[in-house]
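First residue of the sequence shown: 239, per the numbering used here; consecutive thereafter. Backbone N, C-alpha and C fix where the C-beta goes; we use that ideal spot for every residue, glycine too. Bear in mind that the values here come from a model prediction, so they are computed numbers and not experimental data. Quick notes on the structure that follows.
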Amino acid sequence: MIEKKMVLSHHQQQELHPVRRREEHQEHEQEEEALLALVKHRHYQVRELRYCVSTYTAKLREAEEKLRSSQSKLAFFQGKTNGKTKHGSNSFNFNHKNETPSKIHHQSKPQSARLPDSAKASTNSSNYETNRSTFSTQRLPTEKDDVRGTKRKFEMKGQKDLVPLIGRRSLAQMVNYGMGSSYISSLHTRKLRNLALCPVNDQHFVTSALDGVVRLWEVHSRGLTANILSTTDCATEEQKRWPEDIAWHPDGKSLFSVYSADSQDSQISVTKFKEGERSAQVSFLEDKPHVKGAINSIVFLPWENTCFATAGTDHSVMIWSENVEKKWKPEALHKNFHTSAVMGVAGVQHKKLVLSVGKDRRILGYNAEEGKQDFMVQVDSKCLSILPNPRDFNLFMVQTGTHDKQLRLFDIRLKHKEVHAFGWKQDSSDTQSALVNQDWSPSGLYITSGSADPLIHIFDIRYNGHKPSQSIEAHKKRVFKAMWHQSLPLLISISSDLNIGLHHLVNA
């Protein structure tokens, strides 16, 4: 009898096992769902804290810039009045003789304020300095705005001597890329060609493509997305040519585009944006100074009198200035210093020096004030573009066609000497395309470059190696360009996959 009860009990236990297993499985699932929800919530908290850190760091830097500007104005005023001022200067000492404003701000923080370790790591992992200013207001510049805004921006940056830092580190300083990427359709029907960020309003940028269309975009939601403000057909009237290159006017109200000189069609257009209008106004300049081939480059020169330069396949560089009738008129800067197509042109900020590079492997510095050549460098490969450093006015970068050595750094004071070189290997192409372009970070310490591969390469100029300090997998096809946003920890890129990439950084 006892044995029978024991057998029944054993069978009952066997019948209960599936029930217990189901209950345990349900408990595991509930626990897993709770943990997933908790991880998601904490990830969101960390992300918000990181953004707050970058935002307040930007505000701190802006306040420090304003303080230095005010102190400079005060010193100038005191010097101008021979030291006789109404208020004196003692009230600006803060009672901290040996401390910078940033140190004072740091010490004034409550001791109880703590950040997550991940947020601390993200703020200390790099000297990446994109947050120079707070986010701009969501509008286009109006006629009442001060057109000298860009000039003030140049002055605020200030000159830094970065050349001594080049190649001094055995390890590169990484840009902390961990927030992922988001992609939006450019809505262009043909391949993208150009990307340009507005010099006045940080939220605005433009794209152009082989369909001849120029789109004005506005960044939203802390750089997570962007929406279209206007769409304008900027193709030439006769040949329906697309813009080869574009450049914002320094006042941020209009965009200048260059085309081709192979026909009697227009060579330059001006696209004027107006707030609230879905299509901008396009006009074409009458003068056609270039005589053949594509006009490869247009850039506004960083000088007191607003003017821009164009460089073409006809070996020439033109300077355009406004006359008393407010019409843009060209004048040849030089026509025979290059023996092949001029691919890139740029202006030096602190002197009347125009830099140009070409397929003849020449890097030319031309003194526009004296009307003569200042220096000429012959390199071992065709030169495709040139880009001055935004912080060190003596430093500039040249893109060449040499694999593993595409980017060359030069100092205009050394003239003939290459300071350093960077490069990368390409899997999808044997040639270096002139459509792939670079950009400097606002700090002047990093370079981003597109690639024939679906990669964005990042270089730290302080690194003594020649390879990218890191490469970001981006897009599905060739990346043409990746530009640093001026106030958000964000890279904006364009690709032949017809998408715009928004790549989010976590350190500022």
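| Query | Result |
| --- | --- |
| CA nearest to the CA of Ala434, picked from Glu608, Ala447, Lys714 | Ala447 |
| Gly550 classed as buried or exposed, judged by whether at least 16 other C-beta atoms fall within 10 angstroms | buried |
| Where Ser619 sits in the DSSP three-state scheme | coil |
| Extent of the continuous beta strand (DSSP E) to which Met721 belongs | 717-722 |
| Beta carbon of Glu475 nearer than 9 Å to that of Ser498 | no |
| Buried versus exposed call for Pro402 [16 or more other C-beta atoms within 10 Å across all chains shown] | exposed |
| Exposure of Ala584, with buried meaning 16 or more beta-carbon neighbours within 10 Å | buried |
| Counterpart residues of Tyr421 in DSSP-defined beta bridges | Gly739 |
| Phe575 versus Ala547 - alpha carbon distance | 16 Å |
| Beta-carbon proximity list for Glu607, same chain, < 7 Å, skipping 5 on both sides | Lys590 |
| DSSP three-state assignment for Ile268, whether helix, strand or coil | First, the amino acid is wrong: residue 268 is Gln here, not Ile. Gln268: helix per DSSP, three-state reduction. |
| C-beta atoms of Arg716 and Ser679 nearer than 9 Å | no |
| Exposed unless 16 or more other CB atoms sit within 10 angstroms - verdict on Ala620 | Residue 620 is actually Lys in this sequence, not Ala. Buried. |
| Distance CB(Gly405)-CB(Arg700) smaller than 9 Å | yes |
| Inter-residue spacing [alpha-carbon to alpha-carbon] between Glu482 and Ala473 | 11 Å |
| Outcome for Val586 when other beta-carbon atoms lying within 10 angstroms are tallied against a minimum of 16 | buried |
| Inter-residue Cα distance where the pair is Val520 and Ser492 | 10 Å |
| Bridge-paired residues (DSSP) for Asn465 | Glu456 |
| Cβ contact (3+ pairs, closer than 8 Å) linking the stretch 639-648 and the stretch 657-677 | yes |
| Option nearest Leu454 by Cα separation, candidates Thr470, Leu462, Glu270, Asp691 | Thr470 |
| Cβ-Cβ separation, Lys714 to Asp735 (assumed contact under 8 Å), whole Å | 4 Å |
| Cβ neighbour criterion (16 or more within 10 Å) applied to Ala570 | exposed |
| DSSP state of Lys526 mapped onto helix, strand, coil | coil |
| Of the residues Glu515, Phe494, Met581, Asp677, the one placed nearest Pro628, counting alpha carbons only | Asp677 |
| 9 Å Cβ cutoff met for Leu523 and Ile466 | no |
| Helix, strand or coil at Val385 [DSSP, three-state] | Here Val385 scores only 40 on pLDDT, less than 50, and its place in the model should not be relied on; the value that follows carries that caveat. If DSSP states are grouped into helix, strand and coil, Val385 belongs with coil. |
| Buried or exposed (CB count within 10 angstroms, at least 16 for buried), Thr509 | buried |
| Leu353 (DSSP reduced to helix, strand or coil) | Note on Leu353: pLDDT 32, under 50, position unreliable in the model; the coordinate value appears next. In the structure shown, Leu353 sits in coil (DSSP, three-state: anything other than H, G, I, E or B). |
| Local conformation of Val401 per DSSP, three classes | helix |
| Asn632 beta carbon less than 9 Å from that of Asp399 | yes |
| Beta-ladder partner(s) of Pro568, from DSSP | Trp558 |
| From Ile730, Leu743, His742, Val744, residue whose alpha carbon lies closest to that of Thr445 | Ile730 |
| Distance CB(Gly531)-CB(Ala579) smaller than 9 Å | yes |
| Beta-carbon gap between Pro568 and Pro626 smaller than 9 Å | no |
| Residue from Cys545, Ser535, Thr669, Ser468 whose Cα sits closest to the Cα of Gly514 | Ser468 |
| Helix, strand or coil at His263 [DSSP, three-state] | helix |
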